[in-house]
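Visitor:
Residue numbers (the numbering used here): 403 to 938.
#1: Could you tell me if residue 775 is buried or exposed, where buried requires 16 or more neighbouring beta carbons within 10 angstroms of its beta carbon?
#2: Roughly how many angstroms separate the alpha carbons of residue 788 and residue 735, rounded to a whole number?
#3: So the candidates are 497, 670, 793; which of them puts its Cα closest to the Cα of residue 648?
#4: Between the Cα of residue 708 and those of 728, 680, 693, 702, spot the shortest distance and give me the residue it belongs to.
#5: Based on the DSSP secondary-structure assignment, which residues constitute the bridge partners of residue 904?
#6: Whose CA, out of 771, 752, 703, lies closest to the CA of residue 743?
#7: Select from 797, 691, 729 the residue whose C-alpha is nearest the C-alpha of residue 748.
#8: How would you call residue 673, buried or exposed, if buried means at least 16 neighbouring beta carbons within 10 angstroms?
#9: Using DSSP bridges, identify the partner residues of residue 803.
#10: Around the C-beta of residue 658, are 16 or more other C-beta atoms found within 10 angstroms, so that it is buried, or is it exposed?
#11: State the Cα-Cα distance for the pair residue 906 and residue 522, rounded to the nearest angstrom.
#12: Does the distance from the C-beta atom of residue 514 to that of residue 914 stay below 8 Å?
#13: Would you mind stating whether residue 726 and residue 782 have Cβ atoms separated by less than 8 Å?
#14: For residue 491, which residues in the same chain have their Cβ closer than 7 Å to its Cβ, ignoring the five residues on either side in sequence?
#15: Here's the rule I'm using: 16 or more other beta-carbon atoms within 10 Å means buried, otherwise exposed. How should residue 773 be labelled?
#16: Under 8 Å between the Cβ atoms of residue 765 and residue 756?
#17: Taking the C-alpha atoms as reference points, what is the distance between residue 738 and residue 596?
#18: Between 844, 881, 780, which has its C-alpha nearest residue 751's C-alpha?
#19: On the three-state DSSP scale, how would you describe residue 446?
#20: By the 10 Å Cβ neighbour count, where 16 or more other Cβ atoms means buried, how is residue 443 classified, buried or exposed?
#21: At what residue ranges does the segment 650-699 contain a whole run of the beta strand (DSSP E), taking only runs of 3 or more?
#22: To the nearest angstrom, report how far apart residue 589 and residue 575 are at their CA atoms.
#23: In angstroms with no decimal places, state the Cα-to-Cα distance between residue 530 and residue 416.
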């Protein structure tokens, strides 16, 4: 039997200490008893060891704030579960506020549950963290699937409202508020067919191809209208309680800006020899026009495009988008131009969708990419504050443009695409992917409501990203901070083998917002009496 040495007795005495406090007391006494040579020996011995250090729990609060400013906005909320000391530290209002401020802007709307948490700052920050996590990780809280025939080109989602033109020969504008469930069916004064539609936070504007533009207050239902000659109604847009419209004429463009409240408007002309048209190789009638209105600043930005051609010695050497900012009275503010070396030609300027609440927009166009025969729907990012195009911070890389099947809100990206089973177009299925954020690529499928064979379709099916070139229309997708809407294809009832049908899928990223299922069912059954709305 081995004899116990003094070292064994000392170690045995140390291990019998019942608490961490008692063990530290013994260590303190031991270190105090060491001479300088023994301390040096102990230092060398400990230098070979590695230690896990709780940085978050130990560093000053100001440094912890800096650390978390480099992480996702919702990180402090979800990392509280690591340990008790982290939970206590990460409840600090300074850390939570600093992290959330990296994602939330001053113009972002309130969440549904905020009013019930008045005065509870921590609970409000926790709610915002849950919301940002839902959107930025591809986990919507609720979803609905609606069998609903629709027209792609006249469908709009803006903030809480979506609208589309359908029914009675395109003579009805259907509007639905996704928070309240309120539904409107809007008509003109005659039997006009509508082909232009625009939404703002306060108005819906729609026009025919002849001479009348209607505007309806989303809060009161009050309808007003104004008349112009047809060329001035080629494109319309609204912002706040103001509408801008315009179009090309023989010697340039005409722009008209109209106030809903005063029912007064003012127009101005842009000559063919003035920017943004100066130097264009196209004839005025062939020019495409897009407008971006800022009602608060009382400005309207006019965009057009020019394209290079190998067949004309006088054509532009590169394709470009030109724009000019005007005050609503026609005073010129500033001009701009952006060239694109990989774009052969621009066929059509489709308009703008916000990608945040601070002035950045998804500018959608139809264009021919170098080396491609068919035209493609593309998205660029335009920043109204800097008055310039910027790179899209796509997951893992920055891009000048992306396909229009991709949408983004701030730093978060989603994509929709059509899968076709075999070569039969009636077996189309639309799928939606969460692509990730600017900092991290995820590329996962959203699976709330899909047909059960979708996963196998993804694995063995044929994908047609450029669906227009294959003889059928691509899905259309909208995204903002609360909602995502996908206008695509699938079975009206999940799990059935019915023929493919146009579908609207709605997703909500607001924990306390209940999608108005009954109102949506009422809306859907106006077009298809047997329609069923599915969802969770």
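We treat Cβ as the ideally placed atom computed from N, Cα and C, and that holds for glycine.
Predicted model, so just to flag it, every value in this text is computed and none were measured.
Guide: Quick look at the numbers:
#1: Residue 775 should be labelled exposed.
#2: For residue 788 and residue 735, the gap between their C-alpha atoms comes out near 13 Å.
#3: Selected option, being the one with the closest Cα: 670.
#4: Comparing alpha-carbon positions, the option among 728, 680, 693, 702 lying closest to residue 708 turns out to be 680.
#5: BP columns for residue 904 point to 891.
#6: Of the listed residues, the one whose Cα sits closest to residue 743 is 771.
#7: Looking only at 797, 691, 729, the smallest Cα-Cα distance to residue 748 is reached by 691.
#8: That one is exposed.
#9: Residue pairing by DSSP places residue 803 opposite no residue, since no beta bridge is assigned to it.
#10: Residue burial is scored here from C-beta neighbours: residue 658 has at least 16 other C-beta atoms within 10 angstroms and is therefore classed as buried.
#11: Inter-residue distance for residue 906 and residue 522 is about 37 Å (C-alpha atoms, whole angstroms).
#12: At the C-beta level, residue 514 and residue 914 come within 8 Å of one another.
#13: No, the pair does not count as a contact, with Cβ atoms beyond the cut-off.
#14: Excluding sequence positions up to five before and after residue 491, its CB lies within less than 7 Å of the CB of 458, 459, 466, all in the same chain and listed in chain order.
#15: Counting of Cβ neighbours within 10 angstroms places residue 773 among the exposed residues, the total staying below 16.
#16: Not in contact: residue 765 and residue 756 (Cβ atoms no closer than 8 Å).
#17: Looking at the two C-alpha atoms, the distance is approximately 33 Å.
#18: When the alpha-carbon of residue 751 is set against those of 844, 881, 780, the nearest one is in 780.
#19: Residue 446 falls in the helix class under three-state DSSP.
#20: Flag for residue 443 reads exposed.
#21: List check, beta strand (DSSP E) in window: 654-661, 667-673, 692-696.
#22: Rounded to the nearest whole angstrom, the CA to CA distance from residue 589 to residue 575 is 7 Å.
#23: The straight-line gap from Cα to Cα measures roughly 49 Å.
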